[in-house]
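Down below is the structure, laid out as structure tokens.
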Amino acid sequence: MDTSKLEFFDFMPAHMRPKAVLQPNEARQMADKIRQELFASWSRLKAIVLAHEDTIQKRWKKAITCYSFPARQGTLMYLPASVQRTAVKRRQVLLEVDSKLPPEHAPEISSVIKDEASTRQEKRNDFLLPYVNLEDLSINNGTQFLGLLHARALRFPSEFAWFDSNTLGFGVAAGGVERYHGFNCAMVAFGETTYGRVLEYSERLNESDKDSPDGGMMEFILGESITFGNGLAVLETQATLTALLLGVVTRILNDIDLTDLTPAAPLPAPEIPVLNTAFQWQSSARLNSLRPYGPPPVFNIDDISVLINSQYEFAVQHLADLRTDPNYFAETLQAYYEHRFETLHGKVPPQSIIQSRTVSLMLTDVYAFLAYYHIAKEIIHDFRIVQAKFPNGPPRARELTKEYEDALKKLHPVSGLLEERIKTHRQTLSSSPALRSGIIVRSTDAAFRRHEFSFASRPDDKLIPPPIGVSPLVASILSHWGVINDCKSILAYHRPAVPATELLPAGVKLRLQKWRPFIGPKANSGIGPDGDPALAARAFPISNFTYPKGPRDRAWAVKCEDVDAAFAAFWKTADRYLIKSCGKELFALGAQVVGPFIDAPTNWLSLVAPKVPVRAMPKAEALVPFGGVQQGPEMKEETSAPRAKPKKRGVAATTVEGEDNEQATETSVATAPTPVSARVYKVFSTLFKAAKDEDVALQQSSVAWKDIQIAFTQIGFELHKTRGSAWTFRDPEGHKTVIVHEPHPESTMRFWEARRFGRRLTRKFGWTLQSFIVDSVVG
């Protein structure tokens, strides 16, 4: 090992420089030694698990019998069969195998907080295997350990190469993992016979095959090799983990002869329940924390499709709500206005400028997101056609065909466009309610287009202000951001690699010619730098779009008609500017998807009646949702009073004749109300606006996410966690499906979210509150 060659790395921070530079033969010898140990341990572990996994799971989870330890005379002393192995017992077993296992979750974070950079190397394994600690492996009835064992024993180590390599990142940056550097060589990251093999950049993977790639191509183009430094650390990680798992299972099976092993059929992967609760569904954060204890992440176009489809449906519903519901339009416009950075401390521009920019950003947001998710859906569809030509996937360690690579690469510029769209909100994020009190903005030009930000510190400031108070607008932006990052991470696992090589403008021009009309000439810049004053005049004051409350008399009806008139006038003016800014194709797409949600304006005067009709009541023993007196005997509705129709109104954009509607509304055949428990009826009462008047007025009603899941489970739906925060709710027959995003960071669907979800259910399934009835027997 020649340390004199380290001068080349002098530009790097001291804690990230390699420990030594190895020549290819030195690197090969070092890697081969660890490979042999790893493969031998893994083969032994796999054989034991295939033969005895059922016994291992029973003894580890139920903790009955067979735990032993050496007695004085060297014989084995067995604990009574009735003694259960608690979490403490599991920790004892783990510590017998490795006495240096960290005691608590996330030991690498604790090391960074507590230890100096110079001493973190002493806790190298904490950074290599942060998920291998006493807390995570012994709690939750030991299921996380069993999941880790099942995944790592039955899958060859190469399948985890990129996951383990990515895990190294934090340790390297923090100075907890020191690596070697192999001069002009890389390490193969796939296969069984080739995994861990050191290749010189000029050396072919298969010298007898003239088309076989060399080491340089494997690392820098195909992504089939890891840098030697990372690869050696990955082999070390996997060898350490495999030895630990092997040591634990041999102790669990210490009374069984492990010399003659007969494999049995593999068991299914253990399901890891949510900790400390009987509730069966898991949050996105929980699923991410459990990823080390399951199969490795891989490229799957279905995962990307679920994420994109859920966001596209959200974009469609958002546009439909804006164009058909004045109240929702008012709420959204108010949110955009409140988050304008011009309204913060400092010199404030005229209200007309703020209002114009508010309307511009809101409109370009809704059409830009619709366009980009629409394009992404089409790209996924086209890629599936190409992918079908490779039923076993593209060959490994070979360049992708141009058709295949081009089909998949088109997702990269779409991700870039979405990120650019999100970046327009960096000022929105900084001016969110939780942060705005500590931000000072000063304009640096007369047009208020350039600004300087400064943060005013206060004595009682903490790292995260309690409570965070994430607003609906900020939550929506973060949702877009999270989905795009998830899609990019899935794309990154494709092998051979599909790198994003073009800059965004070039990528759009090269890859998205087919869909350029949907992007629009100003999709990322808005309707001019300052919007349009005439459009802002139609949008403000926002109170013009709020339906009045009070008795349903003639004056009330006239005010409601005024709201509809103001709403129609705004969209008539907005449509002219949308065609100019977004282009005719994108505007037509918006009209197409919104068309099914447009209904004739409500005849408000026809709803004026001397007496409000009384709805048929549920069973007498049921309680009124949100409190109230006990329900009385069933009452018949007076037929003389007119019925109120659903409030679907608005002015549709011009539709394109002859185009099929891909967002056709799903309506269910009219049937008898579905009996549900009082708890579930309360959930649907919130979704379908049956709360108390003061709750609606103050927007205080909300519903817990777990109650929504329980409600849909009770009416027979199956709930599937997909990617990110997306969930698919599907009825047993598969005829009714809705994708909904789990609320985050809180576990409660707030007023605005619940109302939006209720509108979607009405449009898709034809449901109203009258579709359900309280039955004390249910639940």
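Residues 1 to 779, numbered by full-length UniProt numbering, are exactly what the sequence shown covers, in order.
Idealized CB from N, CA, C, for every residue including glycine.
It should be emphasised that the depicted structure is a prediction, and the values quoted were computed from it without experimental measurement.
For residue i, which residues from the same chain have a beta carbon less than 8 Å from its beta carbon, with the 5 sequence-adjacent residues on both sides left out?
i	result
residue 579	587
residue 202	184, 214, 215, 216
residue 225	186, 187, 188, 189, 199, 215, 218, 219, 231
Judging by CA-CA distance, which residue of the options is the nearest neighbour of residue i?
i	options	result
residue 43	144, 153, 123	153
residue 399	769, 565, 309, 219	219
residue 198	172, 22, 120, 98	22
residue 342	381, 295, 383, 428	428
residue 89	142, 603, 471	142
residue 106	403, 290, 537	290
residue 138	62, 155, 554	62
residue 160	17, 296, 288	296
residue 582	369, 255, 710	369
residue 603	560, 316, 572	560
residue 419	268, 111, 537, 487	487
residue 564	733, 147, 600	600
residue 17	51, 269, 113, 173	173
residue 384	304, 147, 335	304
residue 426	473, 407, 381, 498	473
Which value, in whole angstroms, describes the spacing of the CA atoms of residue i and residue j?
i	j	result
residue 360	residue 337	11 Å
residue 122	residue 175	10 Å
residue 53	residue 265	10 Å
residue 164	residue 228	14 Å
residue 775	residue 320	34 Å
residue 766	residue 687	13 Å
residue 234	residue 492	18 Å
residue 535	residue 574	6 Å
residue 205	residue 190	12 Å
residue 595	residue 728	25 Å
residue 151	residue 567	57 Å
residue 500	residue 409	7 Å
residue 490	residue 195	22 Å
residue 605	residue 325	19 Å
residue 713	residue 673	17 Å
residue 541	residue 558	18 Å
residue 248	residue 221	40 Å
residue 94	residue 313	48 Å
residue 715	residue 675	8 Å
residue 730	residue 156	35 Å
residue 331	residue 58	55 Å
residue 553	residue 544	19 Å
residue 597	residue 551	28 Å
Which of the three DSSP states is assigned to residue i in this structure?
i	result
residue 296	coil
residue 537	helix
residue 214	strand
residue 200	strand
residue 170	helix
residue 600	coil
residue 715	coil
residue 721	strand
residue 428	helix
residue 41	helix
residue 783	This structure does not reach residue 783, given that the chain is present from 1 up to 779, and the question cannot be answered.
residue 326	helix
residue 730	strand
residue 413	helix
residue 771	helix
residue 506	helix
residue 20	coil
Keeping to the same chain, check which residues put their C-beta closer than 6 Å to that of residue i; ignore five residues upstream and five downstream.
i	result
residue 24	185, 200
residue 311	373, 483
residue 707	683
residue 703	683, 686, 749, 754
Short of 7 Å in beta carbon distance, which residues of its chain neighbour residue i, apart from the five on each side in sequence? Order them along the chain.
i	result
residue 1	In this prediction, residue 1 has a pLDDT of 45, which is less than 50 and means its spatial position is unreliable; nothing more can be read from the coordinates.
residue 246	41, 44, 45
For chain B, find out if any of its Cβ atoms is closer than 7 Å to the Cβ of residue i; answer yes or no.
i	result
residue 46	In the structure shown, chain B cannot be found, because there is only a single protein chain.
The ligand MG heavy atoms versus the CB of residue i: any closer than 6 Å?
i	result
residue 554	Within the structure as shown, the ligand MG is missing, as the structure has no ligands at all.
Q) Is there contact between the stretch 29-45 and the stretch 234-247, where contact requires at least three CB pairs shorter than 8 Å? A) yes
Q) At a cut of 8 Å, does the stretch 499-511 reach the stretch 406-415 through at least three beta carbon pairs? A) Touching, yes, given that three or more Cβ pairs across the two stretches are closer than 8 Å.
Q) Are at least three pairs of beta-carbons, each pair with one atom in the stretch 165-173 and one in the stretch 299-308, less than 8 Å apart? A) no
(Q) Does the structure place the stretch 252-270 close enough to the stretch 125-132 that three or more beta carbon pairs sit under 8 Å? (A) no
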